[in-house]
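The next block holds one structure in the form of C-alpha cells; read it before the comments.
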Amino acid sequence: MSALTATAEERRDTSVRPAYRVTGRRVLSSEWAKLWSLRSTWITLGLGLLFLVAFGLISASRYESGINSGHMDRDFADATAVSLSLFGTNFAQLALGVLGVLVTAGEYSTGMIRSTFAAVPRRLPVLWSKAAVFGLVALAVGTLGGFVAFLIGSGIVSGTPAAMSLSHAGVLRSLLGAGLYLGLVGVIGTALGALLRSVAGGISVLVAALMLIPGLISLLPSSWQDDISPYLPSNAGEAMFALTHDSTTLSPGAGLLVFLCWTSLALGGAAYRLVRSDV
Amino acid sequence: MIDARQLTKRYGEKTAVDGLDFVVKPGTVTGFLGPNGAGKSTTMRMIVGLDAPTSGSVNVNGHHYARHQAPLQEVGALLEAKSIHPGRSAYNHLRALALTHGIPGRRVDQVIDLAGLGSVAKRRAGAFSLGMGQRLGIAAALLGDPQTVMLDEPVNGLDPEGVLWIRNLLKGLADEGRTVFVSSHLMSEMALVADHLIIVGRGRLLADTTVADLIREAGGDTVKVVTQDPARLRDVLSGPGVDITGRISSEELQVTGLTAREIGLKAAEHNIALFELSARTVSLEEAFMDLTRDAVEYHGSTTATETLGRPA
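Protein chains in written order, with full-length UniProt numbering: chain A, 1 to 279; chain B, 1 to 312.
So this is what it looks like as C-alpha cells:
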C-alpha cells in the first residue's frame, strides 16, 4: 500500500520538475570534490609522502654509513631494507590520520556540516563516502610512498647485510601491507573526527591510540603485556607490514583482521553518533 | 509548504521549542518573528532535520525532510551565516553541494550570478565579509531551485543595497508560488516583506496572523484626549464597546472604541473644552513588543545566568 503511493508520487514529481536525486555515487563524488578543493589536503598529503620517503631514506643512509664505519647502532642490528625504508610509516601515519580527522571534524568546527547534512539529511552516506574517499587516497599515498622509499632505500643499502630486492620473499607483501595500514589509519582518523566532532579531540585520541598506549602498556605486569600487546591498534597494524614475525606478534593476516576490527569499531561508533545526535 | 505539529525540542531542563503548531503556505512571504532565544533557529534546524524534535513533527511538502529524494529541491535553507568551510572557494562550496544531487554546473553559475558573487566566486570563502557570506548562503539555498525557501535572519550583516536585494528576492520567490519562510527579530524589517506572521516567544506560539490583523488586535485605534474636565468627559463618552483609561488627577485620557471625530463632536455637544485630541496609531514594532514583552528571554537589565546551549 505505502509502496504503491510512494511510486505514484515519484512519477508525479519527476514529470513536473528536473529529476535531481541524491545517490550514493553522487555523495561520493561530492566528497571527492570537497577533499581536493582544500589546500590543507594537498599540504598534508604532501607532508605524509615526504615523511614516508625522507625518513625511509635517512634511516637507510644511517644504516649504510654505520656499516661502512664499522660502528653499528644496536637498533639497526637486525634491520632489513624493508624495515629501514618503512621507518617513515610512524610519521606518515600521523599526517594521514590527522588529515582524516580534519576531513570530518573540520566540517563540524567550521559549520560546513550543516550544509552537508542539509543536502544529505540521511547522513550515513556522507560518513561512508568520506571514509571511502579518504581511505583510498591515504592508501594510494601510503603505497606510493612505501614503494618509492623502498626502491631508493634498497639501492642505498645494497651490498650490506640488509640488502633486499622487490622479489625477495615477503617484501611485496610488506610494502602493500604498509600502504593498507596507512589507508586504514586514514579511515580511523575520519571515524574519530566524526565520533568526537572536534579536531583537537580527534587528533588526541588518534595519537593516544597509535603512539601513547603501547608505551603505557609496558607499565603492566609482563604476563598481561603478552596477552594484550599484540592486539593493540599500533602493534596489530605493524604486524601487517613487518617482514619478520615472532611469538609476541600477530601474523600479517591476523594483524590485518585485528586492525580491521579497530577500524570497524571506530566507524561504528561514528555512525551511531551521527544518526543519534543533533548537528 | 511547511507543516509543524506540536513541535517540541528540549535540551535537558530547557525547553527551546514548546508545542508549536503552524502551517507556512505557498505564494506568500511568511515572517517568523520572535525575540532572541525564542526558538526560531531551533525550529528551522528541525525543519531540515539537523535537530530531531523531542516530540511532535514537522513535514515539508508532505514528507519529513530526510525522506525526500532530492532535499535541496524541496527546501533551500540559509541557516547560520557560516555554514561553509572557510578554506573552500564559493564556487567549490556550491559545486560540492550540487554534486550530491546531480545538479548541473550551469545552475551553480546561475546562482553565483543571482547572488552577485561573480567576481569573488574563486576566492576563499573565509575571506568573505559578513554580507558576502550571507549572499553565498542564499546562493546555496537557491541551488536546488527549491519549492520552499527558508532563511534565518537573512538581512544580518547586509548593506542597504543587500537588504533591498533580499526584499525583492523574497517577494519575487513568493510571487512565483513558492513557500517563503523568513525569520527575524526585527519587526520593522518583517513589516516590509511579510504578508503573514508567525510570532513566537520562549518557544511558544504567540500569534499566527497577518500584519494588518496584528495592528488591529494590538489596539491600533486608541485616541488620546486631553481635557479640562476628564471626569465629565468619561461619563459622556462611556458606553458599550468603549474603553476609557486615564490616571487620577491627570487631564489625559486614552479612549478606544470611538474615533477622534466622534469624541470631538460629543465634547462640543456637552461644552467640554479639549486641549488635545489625537488618534494614536500603534506601530508594528510596539504591537510586537506588547506581544512578546513577557516572553523576552534576556532583558537588558537582568544578569542572565541561564544560557541556551546553542545560538537561537
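Cβ atoms here follow ideal geometry from the backbone N, Cα and C, with glycine treated the same way. The model shown is predicted, which means the values in this text are computed figures rather than measured ones.
Query raised in the report: Mind pulling the chain D residues with CB within less than 9 Å of phenylalanine 134 (chain A)?
Result: Looking at the structure shown, chain D is missing, and the protein chains on hand are A and B.
Requested in this report: Quick one: which residues of the region 36-48 of chain A get their C-beta closer than 7 Å to a C-beta of chain B? List them in chain order.
Outcome: Ser37, Leu38, Arg39 and Ser40
Query - Whole-number beta carbon distance between alanine 194 (chain B) and threonine 30 (chain B), since they are thought to touch under 8 Å - result: 6 Å
Requested in this report: Measuring only between beta-carbons, confirm whether lysine 82 (chain B) sits less than 7 Å from chain A.
Outcome: yes
Requested in this report: Go ahead and label glutamine 73 (chain B) buried or exposed: buried means 16 or more other beta carbons lie within 10 angstroms of its beta carbon, across all protein chains shown.
Outcome: buried
Requested in this report: Would you verify that the beta carbon of tyrosine 11 (chain B) is, or is not, closer than 7 Å to some beta carbon of chain A?
Outcome: no
Report task. Tell me whether threonine 222 (chain B) sits in a helix, a strand or coil according to DSSP, three-state version. Result -> strand
Query raised in the report: Among B:Gly241, B:Thr245, B:Asp229 and B:Val180, which has the Cα closest to the Cα of leucine 78 (chain B)?
Result: B:Val180
Requested in this report: Quick one: which unbroken alpha helix (DSSP H) runs of 4-plus residues sit fully inside the region 201-250 of chain B? Chain order, please.
Outcome: 211-217 and 230-237
Query raised in the report: Who are the neighbours of glycine 102 (chain B) on chain A, taking C-beta pairs under 7 Å?
Result: Tyr20, Arg21 and Arg26
Requested in this report: With hydrogens ignored, establish whether the beta-carbon of arginine 173 (chain A) is closer than 6 Å to any heavy atom of the ligand GTP.
Outcome: Ligands are entirely absent from the displayed structure, and the ligand GTP is therefore not among its contents.
Query raised in the report: Tell me which same chain residues have a C-beta within less than 8 Å of the C-beta of arginine 95 (chain B), skipping the five on either side of it?
Result: Gly105 and Val108
Report task. State the start and end residues of the unbroken alpha helix (DSSP H) segment that holds lysine 171 (chain B). Result -> 160-175
Query raised in the report: Do valine 58 (chain B) and methionine 46 (chain B) have their C-beta atoms closer together than 7 Å?
Result: yes
Query raised in the report: Listing by chain order, which chain A residues have their CB less than 9 Å from the CB of histidine 85 (chain B)?
Result: Lys34, Ser37, Leu38, Gly106, Glu107, Thr110, Gly111, Met112 and Ser115
**Report entry** Cβ-based burial, glutamine 134 (chain B) [other Cβ within 10 Å; buried from 16]
**Finding:** buried
Query raised in the report: Can you tell me whether DSSP reads leucine 267 (chain A) as helix, strand or coil?
Result: helix
Requested in this report: Run down chain B in chain order and give the residues with a C-beta less than 8 Å from the C-beta of valine 120 (chain A).
Outcome: Pro71 and Thr100
Query raised in the report: Per DSSP, which one or two residues make a beta bridge with methionine 150 (chain B)?
Result: B:Ala77 and B:Phe181
Requested in this report: Tell me, please, whether the region 6-13 of chain B touches the region 199-210 of chain A by the rule of three or more beta-carbon pairs shorter than 8 Å.
Outcome: no
Report task. Determine, using beta carbons only, whether serine 30 (chain A) comes closer than 7 Å to chain B. Result -> yes
Report task. Could you tell me the boundaries of the alpha helix (DSSP H) in which glutamate 276 (chain B) lies? Result -> Per DSSP, glutamate 276 (chain B) belongs to no alpha helix (DSSP H); it is in the beta strand (DSSP E), 274-280.
Query - Alpha-carbon to alpha-carbon, isoleucine 166 (chain B) and asparagine 36 (chain B) - result: 21 Å
Query raised in the report: So, using beta-carbon positions, are histidine 93 (chain B) and isoleucine 103 (chain B) closer together than 7 Å?
Result: no
Query raised in the report: Taking just the CA atoms, how far does alanine 52 (chain B) sit from valine 22 (chain A)?
Result: 21 Å
**Report entry** Residues bridged to serine 89 (chain B) (per DSSP)
**Finding:** B:Arg124
Requested in this report: Please name the residue in A:Pro18, A:Leu57 and A:Ser198 whose C-alpha comes closest to that of valine 82 (chain A).
Outcome: A:Leu57
Query - Residue-level contact to chain B via CB, aspartate 278 (chain A), 7 Å cutoff - result: yes
**Report entry** the region 186-205 of chain A in contact with the region 255-272 of chain A per 3-pair CB rule at 8 Å
**Finding:** yes
Query raised in the report: Excluding five sequence neighbours on each side, which residues of the same chain lie with their C-beta closer than 7 Å to the C-beta of serine 85 (chain A)?
Result: Gly56, Ala60, Ala149, Phe150, Gly153 and Ser154
Requested in this report: Could you tell me whether the region 261-277 of chain B touches the region 229-241 of chain B, where touching means 3 or more Cβ pairs closer than 8 Å?
Outcome: yes
Report task. Could you check which residue in A:Ser222, A:Glu31, A:Ser251 and A:Pro221 has the C-alpha nearest to that of asparagine 235 (chain A)? Result -> A:Ser251
**Report entry** For glycine 172 (chain B) and leucine 50 (chain A), the rounded distance between their alpha carbons
**Finding:** 54 Å
Query raised in the report: Identify the residues that DSSP records as bridge partners of glycine 31 (chain B): which are they?
Result: B:Val182 and B:Leu197
**Report entry** Pick from B:Pro160, B:Phe275, B:Leu214 and B:Ala98 that is closest to glutamate 252 (chain B), judged by C-alpha positions
**Finding:** B:Phe275
**Report entry** arginine 78 (chain A) in three-state terms, based on DSSP
**Finding:** Per the sequence presented here, residue 78 (chain A) reads as aspartate, with arginine not at that position. The answer is coil: DSSP assigns aspartate 78 (chain A) none of H, G, I, E or B.
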